[in-house]
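**Student:**
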Ligand code: GUN
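Residue numbers (the working numbering): 1 to 284.
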């Protein structure tokens, strides 16, 4: 097995399984729909939304895209969210973040029905993750767990270090590793001796947002290194938080950027949308 974890290949396997299940459901008259809402013209968001739409096509879901102008008011956006909450064809609702500054993402997320919140950002879903009783997992941490599983690495009893404490990645990531009985440390900008803490990790998940910050001196020999970062290097090239070339010989497994965690995030969004449909129809 290669030590470079091929996120594209693992994502393709996940999507194949989802596609087969979606086809089976269609035979029973159940169609699956994902609504994706984008406000404004952020170029990166537009690319993400296009990729999500494409993934829906790949797995046989219906996708409904709502592209709203930059000056959309909170009232208008909430009106759309409420319409989608009530729409039987829509199993999942995703409002692409970041929203323009005048819109409060918390207000919007709180108004998405938890059973359609395929990002798992709603406080109800966040709480369910905390107690280990969940339907949806946030897409990026869930994708990371699939990538670790693909290496055959046992998590129970291992030292797991997560760098970053965001609500979207760091915190839920730590919780998922804890659910698998890892011994989990969360590091952040105030952590002392970051390098020493990281060097204890059997499994290191980097979600810092700083290009190539994690060099080989942060890594224990044989560690599994998962890079959630999505940055540009000094030449404008896409890169992660981990200095891949410097770390690849020391790690037992390592994800590249691009082609590691990124493709998994969208695959897990498809997984959550399928789950939403199955829960709605009492299949799980
Ligand atoms: N913007 C960047 N990543 C995400 C994501 O996972 N979900 C949403 N809704 N917006 C994002």
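Cβ atoms here follow ideal geometry from the backbone N, Cα and C, with glycine treated the same way.
Could you tell me the alpha carbon to alpha carbon distance between residue 67 and residue 200, rounded to whole angstroms?
**Tutor:** Whole-angstrom Cα-Cα distance: 46 angstroms.
**Student:** Taking the alpha-carbon positions, what's the residue 9 to residue 275 distance?
**Tutor:** If you take the alpha carbons of residue 9 and residue 275, they lie about 22 angstroms apart.
**Student:** Within a Cβ cutoff of 7 angstroms, which residues of the same chain sit near residue 169, ignoring the five residues on either side of it in sequence?
**Tutor:** Only 140, 141, 207 and 228 meet the Cβ criterion.
**Student:** On the DSSP bridge list, what partners appear for residue 62?
**Tutor:** Beta-bridge pairing links residue 62 to 33.
**Student:** Give the straight-line distance between the Cα atoms of residue 258 and residue 238, rounded to the nearest whole angstrom.
**Tutor:** Taking the straight line from one Cα to the other gives about 7 angstroms.
**Student:** Less than 8 angstroms between C-beta atoms, sequence neighbours within five positions excluded: which residues of the same chain meet that for residue 129?
**Tutor:** 120, 137, 138, 172, 175 and 176, listed in sequence order.
**Student:** For a test of the three-state rule: what should DSSP assign to residue 238, helix, strand or coil?
**Tutor:** Residue 238: strand per DSSP, three-state reduction.
**Student:** What number of angstroms, rounded off, separates the C-alpha of residue 124 from the C-alpha of residue 114?
**Tutor:** So the alpha carbons of these two residues sit roughly 7 angstroms apart.
**Student:** Is the Cβ-Cβ distance between residue 3 and residue 252 less than 8 angstroms?
**Tutor:** It is a contact, given that the beta carbons lie within the stated cut-off.
**Student:** Among residues of its own chain, excluding the 5 on either side of residue 214, which ones have a beta-carbon nearer than 6 angstroms to its beta-carbon?
**Tutor:** Correct list, in chain order: 206, 241 and 242.
**Student:** DSSP puts residue 253 in a beta bridge; with which residues?
**Tutor:** Beta-bridge pairing links residue 253 to 224.
**Student:** With a threshold of 16 other CB atoms inside 10 Å of the CB of residue 283, please say whether the residue is buried or exposed.
**Tutor:** Flag for residue 283 reads exposed.
**Student:** According to DSSP, what are the bridge partners of residue 206?
**Tutor:** DSSP, once it has assigned bridges, lists 163 and 227 as partnering residue 206.
**Student:** Any heavy atom of the ligand GUN closer than 7 angstroms to the beta-carbon of residue 99?
**Tutor:** No - the ligand GUN has no heavy atom lying nearer than 7 angstroms to the Cβ of residue 99.
**Student:** Taking 7 angstroms as the line, does the beta carbon of residue 273 fall inside it for any heavy atom of the ligand GUN?
**Tutor:** Answer for residue 273: no, Cβ out of range of the ligand GUN.
**Student:** Mind checking residue 13: buried by the 16 CB within 10 Å criterion, or exposed?
**Tutor:** With fewer than 16 Cβ atoms within 10 Å of its Cβ, residue 13 is classed as exposed.
**Student:** Whole alpha helix (DSSP H) runs in the stretch 179 to 206 with 4 or more residues, listed along the chain?
**Tutor:** Complete alpha helix (DSSP H) runs here, min 4: 194 to 199.
**Student:** If I'm right that residue 39 touches residue 100 with Cβ under 8 angstroms, what's the distance once you round it to whole angstroms?
**Tutor:** Indeed they touch by this definition, with Cβ atoms about 6 angstroms apart.
**Student:** Let me know the secondary structure DSSP gives residue 282 once reduced to three states.
**Tutor:** Coil at residue 282, not helix or strand.
**Student:** May I ask whether a heavy atom of the ligand COA can be found less than 7 angstroms away from the beta carbon of residue 119?
**Tutor:** The ligand COA is absent from the structure shown, which contains only the ligand GUN.
**Student:** To which residues of the same chain is residue 72 closer than 7 angstroms at the C-beta, ignoring the five residues directly before and after it?
**Tutor:** Same-chain partners within the cutoff: 39.
**Student:** Got a sec, what are the start and stop residues for the alpha helix (DSSP H) residue 77 sits in?
**Tutor:** Start and end: 74 to 86.
**Student:** Tell me the rounded alpha-carbon separation between residue 85 and residue 46.
**Tutor:** So the two alpha carbons sit approximately 23 angstroms from each other.
**Student:** For residue 33 and residue 89, which I take to be in contact (beta-carbon distance under 8 angstroms), what is that distance rounded to the nearest angstrom?
**Tutor:** Yes, they are in contact, since the Cβ atoms of residue 33 and residue 89 sit about 5 angstroms apart, within 8 angstroms.
**Student:** Would you identify the three-state DSSP class for residue 107, choosing helix, strand or coil?
**Tutor:** It is helical.
**Student:** Rounded to a whole number of angstroms, what is the C-alpha to C-alpha distance between residue 102 and residue 96?
**Tutor:** Going from the Cα of residue 102 to the Cα of residue 96 covers about 15 angstroms.
**Student:** If you draw a straight line from the alpha carbon of residue 151 to that of residue 75, how long is it in whole angstroms?
**Tutor:** Looking at the two C-alpha atoms, the distance is approximately 46 angstroms.
**Student:** On a Cα-Cα basis, can you pick out the residue from 264, 109 and 246 that is closest to residue 146?
**Tutor:** Nearest of 264, 109 and 246 to residue 146, Cα basis: 264.
**Student:** Between the alpha carbons of residue 35 and residue 94, how many angstroms are there, rounded?
**Tutor:** In a straight line, the C-alpha of residue 35 is about 6 angstroms away from that of residue 94.
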